[in-house]
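Engineer: There's a structure below that I have some questions on.
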Amino acid sequence: MFKDDQLHSSSSSPCPTKAQKTLQEDMKPIALLCIGCALITPSVLLVLKSLWKACYKTSKPPRLSTVALVRTFLVAGGAAILTIVAMPHLDIVTNVTILNGVAVFSALLQIITQCTAKERNRFLVPSITAFFLILLGYILFLYLYLTKDPTDKQMAIWVGLAVGGSFLVSLNWWESYFRLISENCSSVFLTLLLRDMKKCQNLLNILSSLLRLVMTASVLGAYIPLNKMDWSIVKSIPNHETKIIAILIGVQLISSALCHWFSLVACKMHALRRCFILPLYLASLAVMVLFIVPVIVYYQDYKTGLNGTAINFTGYCSGVVDGRNQNLTGSVFQHLVYDVTHTLCFLDMSNILDIGLLTGSAVSWWLGLVLVTLHLWYLKVLRIQRTQDLFTRRLYEGTFIEQSLLLNTRYDIQTKNRMKISRALDTVMVYLCATMWHENYDEMMNIIISIFRLDKYRPKNNPKHIDLTFEAHIYFDDAFENVEGSRGRHLNTYAQTLVEILAEVYAIFTSIDQGFFKKSQNIPDQKIITTPYGGRLVVTMPHGNIITVHYKDKELIRHKKRWSQIMYLYYLLGWKLMSKHYARLQKGEEEVSLRAQVEKRNTYILALDGDTDFQPAAVMLLIDRLKMYPRVGAACGRIHPTGSGPAVWFQKFEYAVSHWLQKTAEHVIGCVLCSPGCFSLFRAEALMDDNVMKKYSTKSMEASNYIQYDQGEDRWLCTLLLKQGWRVEYNAASDAYTNAPEDFKELYNQRRRWGPSTMANVVDLLGSTTVISKKNPSISKLFMFYQLFALASSILAPATICLMIAGSFTFMLNLHGSAALVLAVIPPLIYLILCFYIKSDTQINIAGIMSVIYAFLMLVVTMTIIGAMVRDKTILTPSSLFVIAMAIIYVITAIMHPQEIQLVFHGLLYILCIPSAYLLLTIYSMVNMNNVSWGTRETKPATGAAKPEPAAKQTNVQKAKNTFQQYFSWCKCCKKSNQTSGGGVNQENLIPELQPQNSIVEDMRIPEEEQRQLEPVFDSPNQSWLRQLQSVSRDMKLEEDSLEKEEESFWIELQKKYLEPLLDDKERQKKIVNDLRELRNKINFAFFILNALWLVATFTLQLYEATFSIQLPKINLDLEYTGENVKIEPIGFMFILGFATSVIIQFLTMFYHR
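Structure (structure tokens):
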């Protein structure tokens, strides 16, 4: 409306006063420039977004982009001609409604698409009707304008340009139709073209957008001089008018962008009809009402005020509209109505024919648009539907936003076959897989309640809920123990507690409708089965879904978490998913391969820890993510640590910052590198890809394998997925809760595993940068450079903390920088040396004492920085700016997460613990990286009200059992005892204790050989553990059952191939001990040498600070130069600048992600 009002009303006042409301005749370039801004702004935004994606994602140059570029050239030219050249000379009604006519080519393509389809649908007739209605609108429009004054050649040119421009714009939305046409007619050319455009989308968008900019600028630049207008007027606009113009164009640009964004939100929120289609239909009608009704009212009021004097619309235009006073006096709305009226003055609105032609063209165009987009009312939109699946092109048109949104929506022919396939793909199968070991009563209760909650949310016996079916599987490690005087092995206390919890939760969920915690019915009988790996408990939950507990006997099958994961991967994906398709393929059935592929794509595994607490909605969000994005191999949620105490408070803020900034940055600019195993959804198709599941089943053979494979199994699995080209994503709305270590020792042991494993996997990815950037479209070399800088920052963290502490010594003790640095390095250096000679428990105790001391020192450091700002009366120093910027970033980030804003208070404790987390913990984890024990839950008892106590701990005497069974060629692993002061090691590497005084090998022992013959567990159905479990489960009756022969054979074969307990090989174990120690020494040497070089370089620069320092002018709070300079070390300044850049990138990506 801005362009039409300004251009038309300006011509009505040839000699306007200085205080006029409309632009002068020679000021038309200003209005046209605003129109040009509205045209090019979406292209500018698209260039920026595509540049971002091209930099942080892999992009290929286009090969077959000629057609796309020509199409963009024509569309850009048509849009510029229509809006800049033609529309200023047309009436307001035509300007509003002719934009609906841009659907003409879409209507034609819909007809062609449906005619080439094998099965036509009900939208063929509406498409044909829409095409002829739009053509009718153009015919009525041409007749109205050309017959009004046949001698007006200039008007004929404007009308022709309007029709031609709108036809060119209609070429804008052809990809969706050509995609279907290529599928129906098997066109190789179209298929290759569309495939190339999809692969080269980012670069193609950049090129096409730049071409649109050039084309729009060319049309605007050529039209101004051809129409005898001067560009110099742009420089002479008064400030008041400049502000008005800026506000008007700003409102248009912002409203168009918001309209596009809210349209996406409406579609993804399943509000397609009432919040997307209907408002866009009514937009042009609303504009017509808002402008035309006041024109009619003013005209009728004027006629009424003449007291019967006859006057027609032409007289009203000449006497009132054109003869009005153009100064600032009077109502703004009145002048606006007169401006709109002026555009209609060339018509005789008293003539029924003119009104009929104008109305007929407007209605025809509008009805044509409605019929062309009628298929949208039946469009099926899934939750959080991908934008690329909703809209064909990323670009929206700012000058005709509603038409571009409607026509850009993806078109599809919903035939019966397509609907059947769609319904088949809607149902997904999710296997909930939790690993347990020594979880206590409360932790087990959390996950069992969560599973039963999901059972109630998606009941299996309810036909209304067909989008999801699931099974829950719990893999209980080391569930059996020897009991003197018993025929066989018994379940330990932890395993028995789980059975009691299942019965308790079952009773709660079956009686909750009749009365709160009132038991109203008996629990149905459940099954217990003896298996080749131990035993199985099968529980059918109240709503029909099944939860299966797999009790593992470590003398029959390998235990620990990674082998439990391998166990369920092969069982669920190999046996339950693919074996049925293999059997049908053997019978010669058709389409088995296709159905297997579809089922793999719609089968997911939800990896859980034994203490995870989650809601069904969190699971559905992850499922939606994988359903929408076929190349996403895994997705993780927002993990919340639970518990109490300072250690947990520290972790709460640490987890928050990690998810708010780091994971968000990885998700936006590349890929999430680690999807935590406590709550992550994996796609079966991705896990079954080449070199993923097979590689994940590899036994650790080298020292580096023990660190990368076994210390952080979830990160290594994600590394394998990324190498195969799969994407790993983060969903911030999917919340899960897991217990965090509450003890300082347990926290240090957990991070001792995580730190080296993280470093090993990141180095592995960096070493394969070239291959991964080519194979994985979500990972670019620039993203890998970002990871390289993050790795360098973590490596240099100890030295950086020392420098920070040295700065506080300089301020407090008035020491020289070099002396302060030496003083700051001495305590961590002593701790580093001690860690090589004392036990791990002693190391942790020393670290705890030093952490308290450093916490007080950090408080002093904080006060030091504040004191420096007060003393120097400036905040414009590097350290002050850095601290203030970090504080502002964290506070704003917390505000952007309002549901978690309270965590910002834990940030105060986090700051005090920085030396402990980034200095002492780093030293501890690096020195003890050859200790490959798990470190957590190893001696934690089962707790809970009135719950049985765990089995008594064995003595410290080194014992082991090495039992060989000839039957089925099983090999039973040794049974190790638990030490009071140390944790166990992974089954595949029982490390001998060669030097008890050194923590490097203090937890590693060689068991003594002791052989005895045992009959296979699955071959003796009446074992004592069955009777034991039946006696424990009083409320839930357990009936014995047996495995099918085929499944029993599967387990025997799987155990032989992948999960057979490892033999005790003393020589190999000694070799692994030496290899781990040697690897530890090499890595530690390189790690701490780099930190030493960093400190020495800083020390040297401080000695010669007058020569090498960077001097910046010192500015006070009033931004005035104080006459002094601030000296900055160049190395420290560059590091702080690089770190700040990394944080700013994370901060910006957080905003984008939110």
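The sequence shown begins at 9 in the working numbering and counts up one residue at a time. For glycine and all other residues, C-beta sits at the position ideal for the given N, C-alpha and C. Model, not experiment: these values are computed from the prediction.
Near threonine 1157, which residues of its chain fall below 7 angstroms by C-beta distance, leaving aside the five closest residues on each side in sequence?
Structural biologist: Within the sequence shown, the letter at position 1149 stands for residue 1157. Excluding sequence neighbours, threonine 1157 sits near Thr672, Ala673, Val676, Ile677.
Engineer: Which term fits arginine 1076, buried or exposed, when burial requires 16 or more other beta carbons within 10 angstroms of its beta carbon?
Structural biologist: For the purposes of this step, residue 1076 is identified with residue 1068 of the sequence shown, where counting begins at 1. When all chains shown are included, arginine 1076 counts as exposed.
Engineer: Quick check: valine 860 and tyrosine 612, are their CB atoms within less than 7 angstroms of each other?
Structural biologist: Along the sequence shown, read from residue 1 onward, the residue named residue 860 stands at position 852. Along the sequence shown, read from residue 1 onward, the residue named residue 612 stands at position 604. In this structure, tyrosine 612 does not lie closer than 7 angstroms to valine 860 by Cβ.
Engineer: Measuring CB to CB, does alanine 503 end up less than 7 angstroms from phenylalanine 484?
Structural biologist: Position 495 of the sequence shown, counting from 1, holds the residue named residue 503. Position 476 of the sequence shown, counting from 1, holds the residue named residue 484. Yes. Within cutoff.
Engineer: Do you know offhand how far cysteine 644's Cα is from histidine 667's?
Structural biologist: Residue 644 sits at position 636 when you count from the first residue of the sequence shown. Residue 667 sits at position 659 when you count from the first residue of the sequence shown. So the alpha carbons of these two residues sit roughly 11 angstroms apart.
Engineer: Let me know the alpha helix (DSSP H) ranges lying completely inside the region 245 to 285, each 4 residues or longer, listed in chain order.
Structural biologist: Segments of the alpha helix (DSSP H) lying fully in the region 245 to 285: 247 to 276.
Engineer: In the DSSP assignment, find the alpha helix (DSSP H) that holds alanine 625 and state where it starts and stops.
Structural biologist: Along the sequence shown, read from residue 1 onward, the residue named residue 625 stands at position 617. Alanine 625 -> alpha helix (DSSP H) spans 624 to 636.
Engineer: Label tryptophan 181 either buried or exposed according to how many other C-beta atoms from any shown protein chain fall within 10 Å of its C-beta, with 16 as the threshold for buried.
Structural biologist: The count along the sequence shown starts at 1 and reaches residue 181 at position 173. The residue is buried, with at least 16 neighbouring Cβ atoms inside 10 Å.
Engineer: Among Gln393, Met1044, Met877, whose alpha-carbon lies nearest the alpha-carbon of leucine 634?
Structural biologist: Residue numbering aside, residue 634 sits at position 626 when the sequence shown is read from its first letter. Of the candidates Gln393, Met1044, Met877, the one whose C-alpha sits nearest the C-alpha of leucine 634 is Gln393.
Engineer: May I have the straight-line CA-CA distance separating lysine 527 from isoleucine 516, to the nearest angstrom?
Structural biologist: For the purposes of this step, residue 527 is identified with residue 519 of the sequence shown, where counting begins at 1. For the purposes of this step, residue 516 is identified with residue 508 of the sequence shown, where counting begins at 1. Low per-residue confidence applies at lysine 527: pLDDT is 46, beneath 50, and the placement is therefore not dependable enough to give any value.
Engineer: Enumerate, from N- to C-terminal direction, the unbroken alpha helix (DSSP H) stretches of 4 or more residues contained entirely within the region 165 to 213.
Structural biologist: Entirely contained in the region 165 to 213, the alpha helix (DSSP H) runs reaching 4 residues are, in chain order, 183 to 193, 196 to 207.
Engineer: With distances taken between CB atoms, is the gap from leucine 63 to leucine 790 smaller than 7 angstroms?
Structural biologist: Counted from its first residue, the sequence shown places residue 63 at position 55. Counted from its first residue, the sequence shown places residue 790 at position 782. Here residue 63 turns out to be cysteine, not leucine, going by the sequence shown. Yes, the pair counts as a contact, with Cβ atoms nearer than the cut-off.
Engineer: Classify histidine 97 as buried or exposed, calling it buried when 16 or more other Cβ atoms lie within 10 Å of its own Cβ.
Structural biologist: Within the sequence shown, residue 97 is the residue found at index 89, counting from 1. By the 10 Å Cβ count, histidine 97 comes out buried.
Engineer: Distance, Cα to Cα, tyrosine 576 vs isoleucine 536?
Structural biologist: As a position in the sequence shown, residue 576 is number 568, starting the count at 1. As a position in the sequence shown, residue 536 is number 528, starting the count at 1. Looking at the two C-alpha atoms, the distance is approximately 18 angstroms.
Engineer: Anyone know if the C-beta pair for alanine 480 and leucine 440 falls short of 7 angstroms?
Structural biologist: Residue numbering aside, residue 480 sits at position 472 when the sequence shown is read from its first letter. Residue numbering aside, residue 440 sits at position 432 when the sequence shown is read from its first letter. Yes. Within cutoff.
Engineer: Among Leu829, Leu920, Leu1098, Arg879, which one has its Cα closest to the Cα of leucine 867?
Structural biologist: By one-based count along the sequence shown, residue 867 stands at place 859. Nearest of Leu829, Leu920, Leu1098, Arg879 to leucine 867, Cα basis: Leu920.
Engineer: In the DSSP output, what is glutamate 737 paired with across the bridge?
Structural biologist: The count along the sequence shown starts at 1 and reaches residue 737 at position 729. DSSP, once it has assigned bridges, lists Ala643 as partnering glutamate 737.
Engineer: For glycine 1146, which residues in the same chain have their Cβ closer than 6 angstroms to its Cβ, ignoring the five residues on either side in sequence?
Structural biologist: For the purposes of this step, residue 1146 is taken as residue 1138 along the sequence shown, with counting starting at 1. Closer than 6 angstroms at Cβ, skipping near neighbours: no residue.
Engineer: Alpha carbon to alpha carbon, how far is histidine 248 from serine 240? Give it in angstroms, no decimals.
Structural biologist: Here residue 240 refers to the residue found at position 232 of the sequence shown. Here residue 248 refers to the residue found at position 240 of the sequence shown. Each residue's Cα considered, the two are about 18 angstroms apart.
Engineer: Determine whether the beta carbon atoms of leucine 141 and leucine 414 lie at a separation below 7 angstroms.
Structural biologist: Stepping through the sequence shown from its first residue, residue 141 is reached at position 133. Stepping through the sequence shown from its first residue, residue 414 is reached at position 406. No, the pair does not count as a contact, with Cβ atoms beyond the cut-off.
Engineer: In three-state DSSP terms, what is arginine 394?
Structural biologist: Taking the first residue of the sequence shown as position 1, residue 394 is located at position 386. Coil, per DSSP.
Engineer: By how many angstroms is the C-alpha of valine 1081 removed from the C-alpha of threonine 620?
Structural biologist: Taking the sequence shown and counting its residues from 1, one reaches residue 620 at position 612. Taking the sequence shown and counting its residues from 1, one reaches residue 1081 at position 1073. The straight-line gap from Cα to Cα measures roughly 34 angstroms.
Engineer: Is DSSP giving cysteine 42 helix, strand or coil here?
Structural biologist: Counting from one through the sequence shown, the residue named residue 42 turns up at place 34. Correct three-state label for cysteine 42: helix.
Engineer: Would you mind stating whether phenylalanine 408 and leucine 219 have Cβ atoms separated by less than 7 angstroms?
Structural biologist: Taking the first residue of the sequence shown as position 1, residue 408 is located at position 400. Taking the first residue of the sequence shown as position 1, residue 219 is located at position 211. For phenylalanine 408 and leucine 219, no; Cβs fall outside 7 angstroms.
Engineer: Just reading off the beta strand (DSSP E) that methionine 444 is part of, what are its end residues?
Structural biologist: Residue 444 sits at position 436 when you count from the first residue of the sequence shown. Where methionine 444 is concerned, the enclosing beta strand (DSSP E) stretches over 436 to 444.
Engineer: May I have the straight-line CA-CA distance separating tyrosine 186 from alanine 111, to the nearest angstrom?
Structural biologist: The residue you call residue 186 lines up with position 178 of the sequence shown. The residue you call residue 111 lines up with position 103 of the sequence shown. Rather than tyrosine, the amino acid found at residue 186 in this sequence is phenylalanine. The alpha-carbon atoms of phenylalanine 186 and alanine 111 are separated by roughly 16 angstroms.
Engineer: Which one of Phe488, Asp397, Leu840, Pro467 has the shortest CA to CA distance from tyrosine 1219?
Structural biologist: Nothing can be reported for residue 1219: it is not among the residues displayed for the chain, which extend from 9 to 1162.
Engineer: Count the other CB atoms within 10 Å of the CB of lysine 782; is the residue buried (16 or more) or exposed (fewer)?
Structural biologist: In the sequence shown, residue 782 corresponds to position 774, counting from 1. Exposed: under 16 other Cβ atoms inside 10 Å.
Engineer: Report back the beta-carbon spacing between leucine 829 and alanine 814 to the nearest angstrom; my notes put them in contact at under 8 angstroms.
Structural biologist: Looking up residue 829 in the sequence shown gives position 821. Looking up residue 814 in the sequence shown gives position 806. Right, their Cβ atoms sit about 4 angstroms apart.
Engineer: Within 10 angstroms of its Cβ, does serine 786 collect 16 or more other Cβ (buried), or is it exposed?
Structural biologist: For the purposes of this step, residue 786 is identified with residue 778 of the sequence shown, where counting begins at 1. Buried, by the Cβ-count rule.
Engineer: Buried or exposed for threonine 351, going by 16 or more other Cβ atoms inside 10 Å?
Structural biologist: Against the sequence shown, residue 351 aligns to sequence position 343. Classification of threonine 351: buried, given that the 10 Å Cβ count is 16 or more.
Engineer: When burial is assigned at 16 or more other CB atoms within 10 Å of the CB, is phenylalanine 299 buried or exposed?
Structural biologist: Residue mapping note: residue 299 aligns to position 291 of the sequence shown, counting from 1. The residue is buried, with at least 16 neighbouring Cβ atoms inside 10 Å.
Engineer: Can you look up phenylalanine 1159 in the DSSP assignment and give me helix, strand or coil?
Structural biologist: Here residue 1159 is taken as the residue at index 1151 of the sequence shown, counted from 1. Correct three-state label for phenylalanine 1159: helix.
Engineer: So, with DSSP's three-state summary, where would you put glycine 313?
Structural biologist: What you label residue 313 is simply residue 305 of the sequence shown in a count that begins at 1. In this structure, glycine 313 counts as helix in the three-state DSSP scheme.
Engineer: Tell me whether the beta-carbon of cysteine 1191 lies closer than 7 angstroms to the beta-carbon of threonine 746.
Structural biologist: This structure leaves residue 1191 out entirely; the chain is present only between 9 and 1162.
Engineer: If contacts are defined as beta-carbon pairs under 8 angstroms, then glycine 1241 and tyrosine 559 qualify, I think. What distance do you get, rounded to the angstrom?
Structural biologist: With the chain represented from 9 up to 1162, any question about residue 1241 goes unanswered, as that position is not in the structure.
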